[in-house]
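Final position of the sequence shown in the working numbering is 845; the numbers increase by one with none missing. The beta carbon of each residue, even a glycine, is placed where N, CA and C say it ideally should be. Every value quoted in this text rests on a predicted model; they were computed, and no experiment measured them.
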Amino acid sequence: MFYHFSYGFRPGKRQHQAIKSLFKDLGWDGKWVIDLDIRKFFDMISHRHMREFFGKRIKDGVLNRLVLGWLKAGTVQDGRWRASEEGTPQGGNVSPLLANLYLHEVLDDWFAKEVQPRLKGNSGMVRYADDAVLYFDRKEDAERVMKVLHKRLEKFGLQLHPEKTRLIDFTRSGARDRKPIFNFLGFTFYWGKSRRGKPVIKLKTEGKRKTAKKTDLTKWIKENRHLPRREQHRELSAKLRGLYQYYGVSDNIHVLLSLRRHATFTWRKWLNRTGRKKAMSWKKFNFYLEAHPLPSPKIYHALY
């Protein structure tokens with residue numbers, strides 16, 4: 542039985558549910574946050590512990606051997622097969638499920654049963670696969686957990702990333718003198734201002750993700766400029782709608798507009814580099830967009 546705060550690779554659970562849950566739990570005053578990052582998580586899973594955890598739930602010996610045998614599938618490098626003594630096969634269908642079970646035993650169950658009962662204030666966690674955020678009302682509680690967290694993970698062969706795992710004062714008072722931020726599932730949580738000028742928690746697309754998506758759009762447009770223009774328009778529109786559907790959360794419309802502008806300028810640029818004699822002027826290009834517009838940004842996930 543998984544906990545309600547575990548959202549990764551479970552029926553009926555999605556990434557935006559995890560994002561909304563964390564946003565709601567941080568509340569109006571914020572929390573002390575542990576931004577947890579596990580170093581090379583899928584590569585470091587212990588087969589011995591995985592067999593133990595899997596055996597707790599599945600007593601069927603045949604199924605045990607079938608599923609856990611996947612861990613021994615190994616990898617092929619330079620045409621040679623190599624056995625794997627730890628980690629899960631990359632790209633394997635069962636890898637995310639086994640990894641989720643592993644962190645349930647190592648992190649979730651420990652936090653809910655052993656850690657939270659010993660804390661003085663309220664606390665919580667939201668996890669999607671190996672991306673997790675722990676939050677606390679009291680600073681001393683957060684510091685206590687931060688001190689023992691690495692020991693807990695090392696007991697099961699895992700390591701916290703020393704630079705990416707941080708304890709953050711993400712409270713309203715902490716935001717007065719500094720601008721604390723942390724990332725979760727491709728979004729940056731930060732303190733902004735409401736229309737009335739009051740401090741509020743907001744979300745925007747993580748900077749690295751935004752840059753990567755623009756790079757992907759540029760690459761696709763460049764490599765497919767030989768296609769008929771209508772086909773280009775159809776595929777590019779589908780890509781933009783996909784970005785809007787994931788990153789379309791409250792207060793993030795400016796990032797979506799930026800992605801659309803980038804796609805528009807880049808598309809015209811590479812339409813002019815198809816080897817045709819007639820250049821696509823802005824006047825001609827805008828006339829074409831009037832008849833075949835790129836989809837406009839839309840907020841799909843309201844946080845308020």
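When the alpha-carbon of PRO834 is set against those of TYR845, ARG809 and LEU844, the nearest one is in ARG809. For the options ASP792, LYS839 and LEU726, the alpha carbon positioned closest to that of ARG668 is the one of LEU726. Assignment of THR815 by DSSP, reduced to helix, strand and coil, places it in the coil class.
Nearest to THR629 by C-alpha distance, out of LYS688, PHE582, LYS565 and GLN657, is PHE582. Per DSSP, the continuous alpha helix (DSSP H) segment holding PRO637 begins and ends at 636–644. Here ARG555 carries a coil assignment [DSSP, helix/strand/coil]. Non-local C-beta neighbours of LYS572 in its own chain, meaning closer than 7 angstroms and more than five positions away in sequence, comprise TYR676, PHE677, ASP678, PHE711 and THR712, ordered along the chain. Looking at the backbone, the Cα of GLY715 and that of ASP671 are separated by about 27 angstroms. Contact check for TYR731 against LYS720 passes: the beta carbons are separated by less than 9 angstroms.
When DSSP states are grouped into helix, strand and coil, ALA843 belongs to the coil group. LEU744 is not a Cβ neighbour of ILE579, given a cutoff of 9 angstroms. Comparing alpha-carbon positions, the option among MET585, HIS645, LEU701 and VAL790 lying closest to GLN556 turns out to be VAL790. Of all C-beta pairs linking the stretch 645–661 to the stretch 688–706, three or more are shorter than 8 angstroms, placing the two stretches in contact.
In this structure, LYS780 places its C-beta atom within 9 angstroms of the C-beta atom of LEU758. In the assembly as shown, PRO703 is an exposed residue. Its beta-carbon has fewer than 16 other beta-carbons within 10 Å.
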